[in-house]
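>
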Amino acid sequence: MERPEAIRYPERRSEVVAAVRMLASARESRFALANGPRGDLDYCVHILFDDTYAISDPLMAVGVILFENEVASLEVLRDVLGPLIDELGDVEDETYLADPRWSKVEAAANSAATQMRTNMPPL
């Protein structure tokens, strides 16, 4: 498979990839327990929605921090996570993790993380 074009801010992209991976394994890690002080849901939301537009408008982030082939999976993640955030608001992470819809968030995040990994350079 041909490697996609380079992106402008690879460091910022790394933060996005980390946030998506945290969402994909949130129940297992219980966010902060495994990921340190910056590993909570609030951090993930800020990175993905506020700081980078990676989820709120992934098409706008193409070439900046995302590759075009990642847009669809991030839109799916936005479509399951966004309404949950709108409904639950600023509550403890455990409230989100206990919500029956969280499994859809994890599945969408896992799919997005898998797609993003295909664009990572080999180590």
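As numbered in our numbering, residues 440 to 562 make up the sequence shown, in order.
Here a beta-carbon is modelled for each residue, glycine too, at the ideal position from N, C-alpha and C.
I think residue 457 touches residue 512, with their Cβ atoms under 8 Å apart; what is that distance to the nearest whole Å?
Contact doesn't hold; Cβ gap of about 16 Å is too wide.
> Would you report the Cα separation of residue 555 and residue 525, rounded to the nearest angstrom?
Near 26 Å, if we compare the C-alpha coordinates of residue 525 and residue 555.
> Within the chosen definition, does the stretch 449-465 reach the stretch 494-507 through at least 3 CB pairs nearer than 8 Å?
Yes: at least three Cβ pairs fall under 8 Å.
> Secondary structure at residue 515, three-state DSSP: helix, strand or coil?
Residue 515 falls in the helix class under three-state DSSP.
> Can you name, in chain order, every residue of its own chain whose Cβ lies under 8 Å from the Cβ of residue 527, other than the five neighbours on each side?
Here the set comprises 534, 535 and 538.
> Please identify the residue among 484, 450 and 499 whose C-alpha is closest to the C-alpha of residue 544.
Looking at the Cα atoms, 484 is the closest of the given residues.
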